[in-house]
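Chains as they are written, first to last, in our numbering: chain A, 1 to 243; chain B, 244 to 471; chain C, 472 to 527. Built from N, CA and C at the ideal position, the CB exists for glycine as well. Here the structure comes first, spelled out in structure tokens, and everything after it is commentary.
What follows is the structure in structure tokens.
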């Protein structure tokens, strides 16, 4: 029953399966992206924010991805730590740079959205602040893995850090939220959309889906690269490259 | 293994670390000097206006405490790693998390406790109102043990690296943010004469969480760092 | 909506198009870097295999 799970531990098997998935994720991504973009720009402008609210269709999915990828990273790291599964280690370190890129994207697009809304490029808004701290967590993870030479040790140390981070993210998020409401003058209402209209929800979900499939696609490519790098001396990789 | 032997091992290790530290005084005196100097720099940087200083004091003192606590972390496992006694601790029959807790306690007694005792002096330098001083000491008493525990995870992960110092700060400082937020807010609010119960209970909860989870995480991190 | 109106974005053109532009750049960069890394390791392995093949 768990045979599929154990086969996930075999780099050779995963390399083959991942290769077969790639055209599908690539196609699905383009499909979701094109329809998402179409609805993003055909939705009527917001009565309060005008056209600038269209930034939300890239900002919010990027912010969702930044959290989602950290969870994936920590989960993979934890699996690698508990079951000593090499594949999980590879997924964790392959996911980190993608997550950092999405976090940076969420920050910068948030600032592009904030400039016309708030009048400045940066406000210490609860969500932007949390996102900035998340970026530091990603960079710490990447720096730690880069500093440790032995791949196995780097993977396990990274997993511990990612797990500590996962416990801390809700605490950080909550404390920043608390700090923000404390320093927020009561007159300024939050710029959040209180109820999302259906014409906004459709492009938001399509773009979020597109980002998720894009992540899966790049993660598959990077994991395959990582498999080749770590297994390059094994028989099956050598066999693969013989003509 | 019974309770008493675990406890005696804890005390033995704690005593050993304190004795060693008594011989290498600079290791824990220097972070304290750093703490004082950093706080001194702020009035020089932003001007001596008493009200402005009072406004900033909680944040400035707490950020300086955070940095001082972090600065001393690099020493926590380093010398034991270099002379091989860390390896001995890991392979000893005693539960590693208890041994780790002893080392962290010694570290806190050397760096956290003096910080608390010094803080009223710095509060005066920063023109903090006298009602806020007990709050400052209370937040430091609840916050610094958590700082040491969380920081020790980072120290354990980087102990095998030759240049771990800067990396350590990159790993640890983001995790310190919740403590900074609640502690600095408590001191600020106490200066206005308001209740700080909420902040103190958050700090206590964070301390409890780190006491329960950090020792075994540190133990796991040490095993990983020593395995290569 | 005319084409020029569309690009004007009700006066928010700079912010909207920069956001979408940056998103495009970041995603393409992620994809290309992933591809480049894979190409490099593939070439490296192919060279090694070819070398060991000619020796034996």
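Under 7 Å Cβ to Cβ from residue i, same chain only, skipping five residues before and after it: list those, please.
i, result
"residue 388 (chain B)", "351, 355 and 450"
"residue 157 (chain A)", "144 and 148"
"residue 257 (chain B)", "345, 348 and 349"
"residue 60 (chain A)", "204"
"residue 460 (chain B)", "396"
"residue 445 (chain B)", "425"
Residues in the same chain with beta-carbon distance under 8 Å from residue i, minus the five sequence neighbours each way, listed in chain order, please.
i, result
"residue 142 (chain A)", "96, 97 and 100"
"residue 70 (chain A)", "99, 134, 137, 138, 162, 165, 166 and 169"
"residue 22 (chain A)", "217, 220 and 221"
"residue 107 (chain A)", "128, 131, 132 and 135"
"residue 403 (chain B)", "324, 468, 469 and 471"
"residue 519 (chain C)", "none"
For residue i, which residues in chain A fall below 7 Å Cβ to Cβ?
i, result
"residue 447 (chain B)", "Those do not exist, as residue 447 (chain B) stays about 14 Å from chain A at its closest Cβ, beyond 7 Å."
"residue 421 (chain B)", "171, 172 and 175"
"residue 499 (chain C)", "The contacting residues do not exist; residue 499 (chain C) stays about 11 Å from chain A at best."
"residue 460 (chain B)", "160 and 164"
"residue 463 (chain B)", "160"
Please look up how many angstroms separate the CB atoms of residue i and residue j, rounded, as I've assumed it's under 8 Å.
i, j, result
"residue 340 (chain B)", "residue 462 (chain B)", "5 Å"
"residue 392 (chain B)", "residue 304 (chain B)", "In fact, because the Cβ distance is near 21 Å, the residues do not count as touching under 8 Å."
"residue 219 (chain A)", "residue 94 (chain A)", "6 Å"
"residue 363 (chain B)", "residue 381 (chain B)", "At roughly 12 Å, the Cβ-Cβ gap does not stay under 8 Å, so residue 363 (chain B) and residue 381 (chain B) are not in contact."
"residue 437 (chain B)", "residue 370 (chain B)", "That pair is no contact at about 19 Å."
"residue 470 (chain B)", "residue 153 (chain A)", "6 Å"
Just to confirm, is the Cβ distance from residue i to residue j under 7 Å?
i, j, result
"residue 505 (chain C)", "residue 221 (chain A)", "yes"
"residue 112 (chain A)", "residue 523 (chain C)", "no"
"residue 29 (chain A)", "residue 208 (chain A)", "no"
"residue 378 (chain B)", "residue 433 (chain B)", "yes"
"residue 384 (chain B)", "residue 424 (chain B)", "no"
"residue 87 (chain A)", "residue 14 (chain A)", "yes"
"residue 312 (chain B)", "residue 390 (chain B)", "yes"
"residue 464 (chain B)", "residue 160 (chain A)", "yes"
"residue 202 (chain A)", "residue 53 (chain A)", "no"
"residue 58 (chain A)", "residue 495 (chain C)", "no"
"residue 497 (chain C)", "residue 105 (chain A)", "yes"
"residue 409 (chain B)", "residue 394 (chain B)", "no"
"residue 301 (chain B)", "residue 175 (chain A)", "no"
"residue 91 (chain A)", "residue 74 (chain A)", "no"
"residue 509 (chain C)", "residue 225 (chain A)", "yes"
"residue 215 (chain B)", "residue 271 (chain B)", "Shown here, chain B extends from 244 to 471; a query on residue 215 (chain B) therefore has no answer."
"residue 35 (chain A)", "residue 206 (chain A)", "yes"
"residue 18 (chain A)", "residue 89 (chain A)", "no"
"residue 492 (chain C)", "residue 50 (chain A)", "no"
Name the chain B residues whose beta carbon is nearer than 7 Å to that of residue i?
i, result
"residue 156 (chain A)", "467"
"residue 140 (chain A)", "413, 414 and 417"
"residue 147 (chain A)", "404 and 410"
"residue 144 (chain A)", "400, 410 and 414"
Listing by chain order, which chain A residues have their CB less than 8 Å from the CB of residue i?
i, result
"residue 512 (chain C)", "225, 228, 229 and 232"
"residue 444 (chain B)", "What residue 444 (chain B) touches in chain A: nothing, since even the nearest Cβ is about 12 Å away."
Between which residues of its own chain and residue i is the CB-CB distance below 6 Å, once the five residues before and five after are set aside?
i, result
"residue 119 (chain A)", "none"
"residue 366 (chain B)", "376 and 379"
"residue 193 (chain A)", "Low confidence applies here, because residue 193 (chain A) scores a pLDDT of 48, under 50, leaving its location unreliable; read the following figure in that light. Result list for residue 193 (chain A): empty, nothing under 6 Å."
"residue 307 (chain B)", "278, 281 and 282"
"residue 9 (chain A)", "85 and 87"
"residue 401 (chain B)", "407, 410 and 411"
Just mark residue i as buried or exposed, buried being the case when its beta carbon has 16 or more other beta carbons within 10 Å.
i, result
"residue 503 (chain C)", "exposed"
"residue 435 (chain B)", "exposed"
"residue 442 (chain B)", "buried"
"residue 110 (chain A)", "buried"
"residue 181 (chain A)", "exposed"
"residue 187 (chain A)", "Confidence in residue 187 (chain A) is poor, its pLDDT being 40 and thus under 50, which makes the residue's placement too unreliable to answer from."
"residue 487 (chain C)", "buried"
"residue 476 (chain C)", "exposed"
"residue 131 (chain A)", "buried"
"residue 217 (chain A)", "buried"
"residue 336 (chain B)", "exposed"
"residue 254 (chain B)", "exposed"
"residue 263 (chain B)", "exposed"
"residue 242 (chain A)", "exposed"
"residue 233 (chain A)", "exposed"
"residue 183 (chain A)", "exposed"
Run down chain B in chain order and give the residues with a C-beta less than 9 Å from the C-beta of residue i.
i, result
"residue 69 (chain A)", "Correct list: empty, because the minimum Cβ distance to chain B is about 17 Å."
Which chain B residues sit within Cβ distance under 8 Å of residue i?
i, result
"residue 179 (chain A)", "424 and 428"
"residue 153 (chain A)", "403, 467, 468, 470 and 471"
"residue 136 (chain A)", "413, 416 and 417"
"residue 56 (chain A)", "By Cβ distance, chain B contributes nothing, its closest Cβ being about 26 Å from residue 56 (chain A), past 8 Å."
"residue 182 (chain A)", "428"
Can you name the residues of chain A whose CB is closer than 9 Å to the CB of residue i?
i, result
"residue 396 (chain B)", "160, 161 and 164"
"residue 456 (chain B)", "164 and 167"
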